[in-house]
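Novice: In my numbering, the protein residues as written are 2 to 437.
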Amino acid sequence: MNGADTAFVLISAALVMLMTPGLAFFYGGMVRVKSALNMLMMSFVSLGIVTVLWVLYGYSLAFGDDVGVGLLGDLGHIGFKGISPETLTGGKEGIPVFAFALFQLMFAVITPALMSGALADRVKFSAWALFITLWVSVVYFPVAHWVWQADGWLFKLKVIDFAGGTAVHINAGIGALAAVLVVGKRIGFKKDPMRPHSLPLVVLGTGLLWFGWFGFNAGSALAANGTAANMAMNTQVATGAAMLGWLAYERIRHGAFTTLGAASGAVAGLVAITPSGAAVNAFGALLIGVVAGAVCSWAVSLKFRLGFDDSLDVVGVHLVGGVIGTLLVGLLATDGVGGATQLGRQAVGAFSVMAYSFTVSWLLAKLVDKTIGFRATEDDEVGGIDQAFHAETAYDLTGVGAVTRSAAPAPQRPAGTPEQAGPDEAGTPQNKKVDA
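1) Pick from VAL70, PRO86, ASP66, GLY71: whose alpha carbon is nearest that of HIS78?
2) According to DSSP, is ALA416 helix, strand or coil?
3) What is the rounded straight-line gap between the Cα of MET40 and the Cα of ARG254?
4) Alpha carbon to alpha carbon, how far is PRO194 from ALA15? Give it in angstroms, no decimals.
5) Short of 8 Å in beta carbon distance, which residues of its chain neighbour ILE171, apart from the five on each side in sequence? Order them along the chain.
6) Just to check my reading of the structure: VAL51 and LEU120 have Cβ atoms closer than 8 Å, yes? What is that Cβ distance to the nearest angstrom?
7) Just to confirm before moving on: does the CB-CB distance between TYR28 and LEU313 stay below 7 Å?
8) Of all the options PHE132, TRP129, ALA233, ASP122, which has the alpha carbon lying nearest to the alpha carbon of ILE188?
9) Spatial neighbours of ASP152 within its chain, please: CB distance less than 7 Å, with the 5 preceding and 5 following residues excluded, ordered by chain position.
10) Count Cβ pairs between the segment 262-280 and the segment 206-224 that sit closer than 8 Å; are there 3 or more?
11) Under 8 Å, with one C-beta from each stretch per pair, do the segment 301-309 and the segment 122-134 reach the 3-pair mark?
12) By Cβ distance, which residues of its chain are closer than 6 Å to ALA5, with the 5 residues on each side in sequence left out?
13) Comparing C-alpha positions only, which one of SER44, LEU76, ASN282, GLY345 sits nearest to LEU158?
14) With DSSP collapsed to three states, give me the class of GLY340.
15) Can you list, in chain order, the residues of its chain whose CB lies under 8 Å from that of VAL53, leaving out five sequence neighbours each side?
16) Do VAL315 and ALA283 come within 7 Å of each other at the CB atom, strictly closer than that value?
17) Can the beta-carbon of PHE126 be found closer than 7 Å to that of PHE375?
18) Please report the Cβ distance between GLY165 and PRO276, rounded to the nearest whole angstrom; I am assuming they are in contact, meaning their Cβ atoms lie under 8 Å.
19) List the DSSP bridge partners of GLY74.
20) With a 10 Å radius around its C-beta and 16 neighbouring C-beta atoms as the bar for buried, classify GLY227 as buried or exposed.
21) Where do the N-terminal and C-terminal ends of the alpha helix (DSSP H) with ARG376 fall, by residue?
Spelled out as structure tokens, the structure:
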């Protein structure tokens, strides 16, 4: 066993695990306060569901011996059958299979969680749990086999996806679009204000994602070597460039540099560099980041033109960013890898995953909708799905700003003055409409 590489992969796995709570904060701050907890839970529950499925059959389907056509692994490793703590990935020298399996598990966990942002505010929690159970089983595990297993058909085609542009981001982005088309728009879409309730939470989530992404990208080298170092550097470079690209487009188009734009731009850069970072130099990473930031900033506006309600811009950031990063490998890869041939391979990888994931995701969403119902009721959606599905609220505002009768007497109103509306129990002026 190579101890240094094993330690590096285990630490990287822990960093990727942190990305899922980071994603929960990122999405949780972007929704209205009445569904903040539900948004956190839609990401967080993936840690439980996907972990169990990974042990039962997920690892075997994704990384088991190919059944013969490059599409799926066999079931020879159900429950990690045949794998011991001493089993190594590289034969005589390598890392334990359990270290590799743990690292890949964290990828499987965060991928369905990425889709949750597109469905914010309006789906039943039980339906979401069932959907991601089906989705990782029928969509993610097979696609991971295509891309990363030596016998997978995209791997043999030499499609470059170092850390998940196709298997994670394109897969989740197009799957989210399919689910959105089944579930439909939020009540009040394009009519009511649906502003983020906590931009500080968004920035916190972005910081955790950025931090964890070094494990996501550099850890995919599966060794503490120069490839990992190059990938880590390019991750930082592309993310910073994408933030600036998004802000520049936003300033030109909308006249302001927003905090939400900075956070979204950083995530777009992280997405775009994921498939390509090990194959490009620092200048290539800069270009990928700037392009991803500006193009993704433009792409998020398409939902209003085309009429699909992608609540938190999963399609505009993850699908579009993943496609940008995957295709630009063909143009910017160094050491003689890039060129028209490689661009064609990258296009095959991107669009085949899109076609498969969209079709199957739409069918799975329809199945859930027709059986147990995917959409929350109108009363639950309007009243707040935190209370409806979790019997909790994100913030206890009872009594905030209010003065108890025993603490201070009510002020006397001078004779002749009109009566004014006082504060309600939450300290909000009455008779004023408040955006939830």
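A virtual CB, placed ideally from N, CA and C, is assigned to each residue, including glycine.
Remember, it's a predicted structure, so these values are computed and weren't measured experimentally.
Specialist: Quick answer:
1) ASP66
2) Per-residue confidence for ALA416 stands at a pLDDT of 43, beneath the threshold of 50, marking its modelled position as unreliable; the derived number appears in the next sentence. Coil, per DSSP.
3) 29 Å
4) 38 Å
5) HIS319, LEU320, GLY323, VAL324, THR327, ALA351, VAL354, MET355, SER358
6) 17 Å between Cβ atoms; not a contact.
7) yes
8) ASP122
9) ASP67, GLY71
10) yes
11) no
12) ALA225
13) GLY345
14) coil
15) none
16) no
17) no
18) 7 Å
19) ASP67
20) exposed
21) Looking at the DSSP string, ARG376 is not in any alpha helix (DSSP H), and its letter there is neither H nor E.
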